[in-house]
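To keep things clear, I will list the structure first and then write my remarks on it.
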Amino acid sequence: MSALLGACQYKSVNAPALSARDAEYIALVPKFEHQITHLPYEITDPTGQAPGTIVVDTREKYLYYVLPNKKAIRYGVATGDEAFGWTGEAVIQRKAEWPRWTPPAEMIARWPHLAPRAGGMEGGPDNPLGARALYLYQNGHDTLYRIHGTNEPETIGRSASSGCIRMRNIDVIDLFNRVPAGTKVIVT
């Protein structure tokens, strides 16, 4: 019985230290009380992948960052709507703090109200990419998919994006601080 209970134990993950800019901007993003299952926890690794790998389970809405010793940090995420979802393997080739956002032409075609943003939007609390962005590449080419923060924290745990993987800003800062460029990402 204790072995079974041990497999169910979760360990809270401490929030990362924030810069003054991070604290100021995050305070301006709407607050949302998340379900406890969407908060980050260290758990027994369910992925079987090598330490340092990121695995996104789009069906269950979790991102796992695999740690040594058969552990992983599990974060709640929002993923792409069915029609816009993406699966596959990629690597993080670029990382950005409070990144600039430019909606792709396909997104503007779907949502014409974004046309004024065609030239881009500076990073900040109103920017849809949130506090950080991890840019996913395949074979040296930008997939246009990102793991990023959000200015809509209420979407965590749902299919809500145009294909990217959204995280709470505090969580994407934590992940950003843990992973180097070149990190393998598997999206299922």
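Residue numbers for the sequence shown follow the numbering used here, beginning at 1 and rising by one. Just so it is clear, CB atoms sit at the ideal spot from N, CA and C, and this is done for glycine as well. These numbers come from a predicted model, not from an experiment.
Looking at C-alpha atoms only, which residue of the options is the closest neighbour of residue i?
i, options, result
"residue 187", "110, 136, 155", "136"
"residue 157", "45, 56, 20", "56"
"residue 28", "178, 153, 101", "153"
"residue 39", "52, 77, 176", "77"
"residue 36", "13, 19, 47, 17", "13"
"residue 179", "109, 105, 91, 115", "91"
"residue 177", "11, 19, 10", "19"
"residue 165", "141, 51, 128", "128"
"residue 145", "112, 118, 52, 87", "87"
"residue 97", "110, 125, 160, 184", "125"
"residue 70", "167, 46, 138", "46"
"residue 159", "60, 143, 26, 72", "60"
"residue 110", "139, 68, 161", "161"
"residue 72", "140, 141, 26, 10", "10"
"residue 142", "89, 112, 132", "89"
According to DSSP, which residues form a beta bridge with residue i?
i, result
"residue 72", "43, 66"
"residue 148", "133, 166"
"residue 80", "161"
"residue 94", "135"
"residue 89", "186"
"residue 11", "42"
Take residue i and list the residues in its own chain whose beta-carbon comes closer than 6 Å to its own, dropping the five residues that flank it on each side.
i, result
"residue 74", "41, 43, 62, 64"
"residue 49", "55, 66"
"residue 32", "153, 154"
"residue 134", "92, 95, 147"
"residue 117", "103"
Can you list, in chain order, the residues of its chain whose CB lies under 7 Å from that of residue i, leaving out five sequence neighbours each side?
i, result
"residue 85", "58, 79, 163"
"residue 4", "Only weak support exists for where residue 4 lies, its pLDDT of 36 falling under 50; the value from the coordinates is given anyway. Answer for residue 4: no residue qualifies."
"residue 122", "100"
"residue 130", "148, 149, 150, 151, 169, 172"
"residue 7", "Legend: pLDDT at residue 7 = 47, less than 50; position of this residue unreliable, no value from coordinates given."
"residue 183", "52, 54, 91, 92"
CB-CB under 8 Å to residue i, same chain, minus the five flanking residues each way: which ones, in chain order?
i, result
"residue 114", "103, 107, 108"
"residue 16", "170, 173, 174, 177"
Quick one: is the Cβ of residue i within less than 7 Å of any heavy atom of the ligand MG?
i, result
"residue 145", "Among the components of this structure there are no ligands whatsoever, and the ligand MG is therefore not found."
Segments assigned alpha helix (DSSP H), at least 4 residues, entirely inside the region 102-131 = The qualifying runs are 105-110.
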